[in-house]
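If you're matching them up, the sequences are chains H and G in order. For the first sequence, the working numbering begins at 6 and goes up steadily by one. For the second sequence, the working numbering begins at 6 and goes up steadily by one. First up is the structure itself, then whatever we jot down about it.
2 protein chains.
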Amino acid sequence: MISELSFTEENYLKAIYHLSSEGTDSVNTNSLADSMSTTPASANDMVKRLATKKLIGYQKYKGATLLSRGKKVALSIIRKHRLWEVFLVEKLGFKWDEVHEIAEQLEHIKSPNLIKRLDKFLGFPTIDPHGDPIPNEDGVMKETIRASVSEVHIGAIGIVVAVNNDDTLLLQHLDSMGIKLGSRIHILNRMDFDGSVSIAIDDGQPQFVSNTVAENLMITLIEK
Amino acid sequence: MISELSFTEENYLKAIYHLSSEGTDSVNTNSLADSMSTTPASANDMVKRLATKKLIGYQKYKGATLLSRGKKVALSIIRKHRLWEVFLVEKLGFKWDEVHEIAEQLEHIKSPNLIKRLDKFLGFPTIDPHGDPIPNEDGVMKETIRASVSEVHIGAIGIVVAVNNDDTLLLQHLDSMGIKLGSRIHILNRMDFDGSVSIAIDDGQPQFVSNTVAENLMITLIEK
DNA sequence: ATTTATTTTTAGATTAATCTAAAAATAAAT
DNA sequence: ATTTATTTTTAGATTAATCTAAAAATAAAT
Numbered sequence: 006m007i008s009e010l011s012f013t014e015e016n017y018l019k020a021i022y023h024l025s026s027e028g029t030d031s032v033n034t035n036s037l038a039d040s041m042s043t044t045p046a047s048a049n050d051m052v053k054r055l056a057t058k059k060l061i062g063y064q065k066y067k068g069a070t071l072l073s074r075g076k077k078v079a080l081s082i083i084r085k086h087r088l089w090e091v092f093l094v095e096k097l098g099f100k101w102d103e104v105h106e107i108a109e110q111l112e113h114i115k116s117p118n119l120i121k122r123l124d125k126f127l128g129f130p131t132i133d134p135h136g137d138p139i140p141n142e143d144g145v146m147k148e149t150i151r152a153s154v155s156e157v158h159i160g161a162i163g164i165v166v167a168v169n170n171d172d173t174l175l176l177q178h179l180d181s182m183g184i185k186l187g188s189r190i191h192i193l194n195r196m197d198f199d200g201s202v203s204i205a206i207d208d209g210q211p212q213f214v215s216n217t218v219a220e221n222l223m224i225t226l227i228e229k
Numbered sequence: 006m007i008s009e010l011s012f013t014e015e016n017y018l019k020a021i022y023h024l025s026s027e028g029t030d031s032v033n034t035n036s037l038a039d040s041m042s043t044t045p046a047s048a049n050d051m052v053k054r055l056a057t058k059k060l061i062g063y064q065k066y067k068g069a070t071l072l073s074r075g076k077k078v079a080l081s082i083i084r085k086h087r088l089w090e091v092f093l094v095e096k097l098g099f100k101w102d103e104v105h106e107i108a109e110q111l112e113h114i115k116s117p118n119l120i121k122r123l124d125k126f127l128g129f130p131t132i133d134p135h136g137d138p139i140p141n142e143d144g145v146m147k148e149t150i151r152a153s154v155s156e157v158h159i160g161a162i163g164i165v166v167a168v169n170n171d172d173t174l175l176l177q178h179l180d181s182m183g184i185k186l187g188s189r190i191h192i193l194n195r196m197d198f199d200g201s202v203s204i205a206i207d208d209g210q211p212q213f214v215s216n217t218v219a220e221n222l223m224i225t226l227i228e229k
């Protein structure tokens, strides 16, 4: 068993997990400090502490890597975070972009039983409102494929996870079409001559989006 | 506005609130330390800190009393605690006696919006699964009347909040009748000659309990 | 009214988590 | 191959929350 960790320790493990899944295998002190909004000195202290607890591997000047125990903790935090986000959006009616900060707090509640029951209450979701996969109790999660509407295959279905552009006009256009983060998009057809795409939003009527819109609209593919 | 308080500070304020509502107006260091499972020295340090933050009044050797700011914090923690308990029992199917520890953690989540939405989701409950009243946003709560089944008026409805006796036979008897903490009891009739009482448990069929049982069964009255 | 017991406070330490400033090690540039 | 820049680590401090042991104040007992 892993002895009680502090919120801070849990947050560091989560940060190391996220940083190491973004390419680099070994997480260096500066980027860790950055991601935790603290100083390299503090990050270094914490890395040493987590290493003595055998949660991460660490050699001076060589960065940190999660050990299996640490990875298990990180994934359980991520699982809790994402399940709570589903709860906040689906049950309490929060919007997609309001839930992160609250889930950052809720993810540290310690009670395995609570999470089991919450999971059941929510109908065992496998994806969170941001389109990210929810690890199961063993830390296993579905791989997700993230792509723009301009590049996915015809027939694909995905959840809008980002708009690669914060142009107000584009955002207003998406809004008027009923496209928002979390919308379910079905790719019906693509015109070769101009790259415009025919899509159905949340199983509604087919609509056209221009190539420019399609390029900026990021989705994660979900299984049909 | 009240600056961010630590979990510990919030817990101390809550403890002071509970201790001062149990009779004594001014809470002495030893009982506070007791209730926080810590040493008088620690409690004394915290009392001094809360006093400099103007959350409590404190004079050396004279104990602590909540100031209005401190009382407001204490009541908001209690509100959150009790709302989460309702959630855990009614939505997640926890039993009455499993929720306290989890609610102790959830009560410290900071997001007024979350609590507003949770309150709505739960249907604006005014009483928690233990029969304790839930303060509203302004810290106002219904007064609850706690009495034994042997003394309340005919027609009263209450929630079982305690059994004044830990005799195994009595507990087994209650169990076999389907009476547990949190059960809703409707008092139908009382026999004058022996004090036995006819009750309906959770809107079920009328059943008789002896005067001895009735005397030991504590309920809080709820509005009809 | 003293003595005795209890309660409360103070003094001094400890641990987790943080910081700044300086030193040491590594990586990049000429 | 040195010099320069960057990254990482160390040293020493700080704050919150805790502790033990001793001192001081208050309350209870004779």
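By construction, the Cβ of each residue, glycine as well, lies at the ideal position given by its N, Cα and C atoms. For clarity, every value in this text was computed on a predicted model and none was experimentally measured.
Asked, Found
"Rounded separation between Q110 of chain H and M146 of chain G - CA only", "27 Å"
"Beta-carbon proximity list for A56 of chain H, same chain, < 6 Å, skipping 5 on both sides", "Y63"
"Proximal residues, the region 77-101 of chain H versus chain G, C-beta separation under 8 Å", "L93, K96, L97, G98, F99"
"Length of the line joining the Cα atoms of S188 of chain G and R84 of chain G", "22 Å"
"Length of the line joining the Cα atoms of I184 of chain H and P134 of chain H", "14 Å"
"CA nearest to the CA of F198 of chain G, picked from G:Q210, G:P211, G:N216, G:L119", "G:N216"
"Min CB distance F126 of chain H to chain G below 8 Å", "yes"
"Under 9 Å by beta carbon: chain G residues contacting S42 of chain H", "Ordered by position in chain G, no residue passes the 9 Å Cβ test against S42 of chain H, which lies about 16 Å from the chain."
"I22 of chain H - DSSP class collapsed to helix/strand/coil", "For the sequence presented, residue 22 of chain H should be read as Tyr rather than Ile. Of the three classes helix, strand and coil, the one that applies to Y22 of chain H here is helix, per DSSP."
"Whole-angstrom distance between G200 of chain H and T149 of chain H, CA atom to CA atom", "24 Å"
"6 Å CB neighbourhood of L226 of chain G in its chain, flanking five on each side removed", "I150, A161, G163"
"Spatial distance of D143 of chain H from I120 of chain H (CA atoms)", "13 Å"
"Cβ-Cβ separation, P140 of chain G to L72 of chain G (assumed contact under 8 Å), whole Å", "Not really, about 17 Å apart at Cβ, beyond 8 Å."
"P45 of chain H versus E103 of chain H: straight-line alpha-carbon distance, rounded", "30 Å"
"Test item: CB-CB of I224 of chain G and N194 of chain G under 8 Å", "no"
"Closer than 7 Å at the beta carbon, the chain H residues around S116 of chain G", "I107"
"In chain order, each alpha helix (DSSP H) run of at least 4 residues that lies wholly inside the region 104-145 of chain G", "105-111, 117-126"
"Inside the region 31-106 of chain G only - alpha helix (DSSP H) runs reaching at least 4 residues", "34-40, 45-57, 73-91"
"Spatial distance of L123 of chain H from H178 of chain G (CA atoms)", "33 Å"
"Whole-number beta carbon distance between S47 of chain G and A38 of chain G, since they are thought to touch under 8 Å", "7 Å"
"Min CB distance L123 of chain H to chain G below 8 Å", "yes"
"Exposure label - T173 of chain G; buried when at least 16 CB within 10 Å", "exposed"
"Any chain H beta carbon closer than 8 Å to Q110 of chain G", "yes"
"Counted within 10 angstroms of its Cβ, other Cβ atoms place H86 of chain H as buried (16 or more) or exposed", "buried"
"Run of the beta strand (DSSP E) containing A205 of chain H, from where it starts to where it stops", "202-206"
"Start-to-end residues for the beta strand (DSSP E) that takes in L193 of chain G", "189-195"
"For A243 of chain H, the three-state DSSP class (helix, strand or coil)", "There is no way to answer for residue 243 of chain H, as the model of chain H reaches only from 6 to 229."
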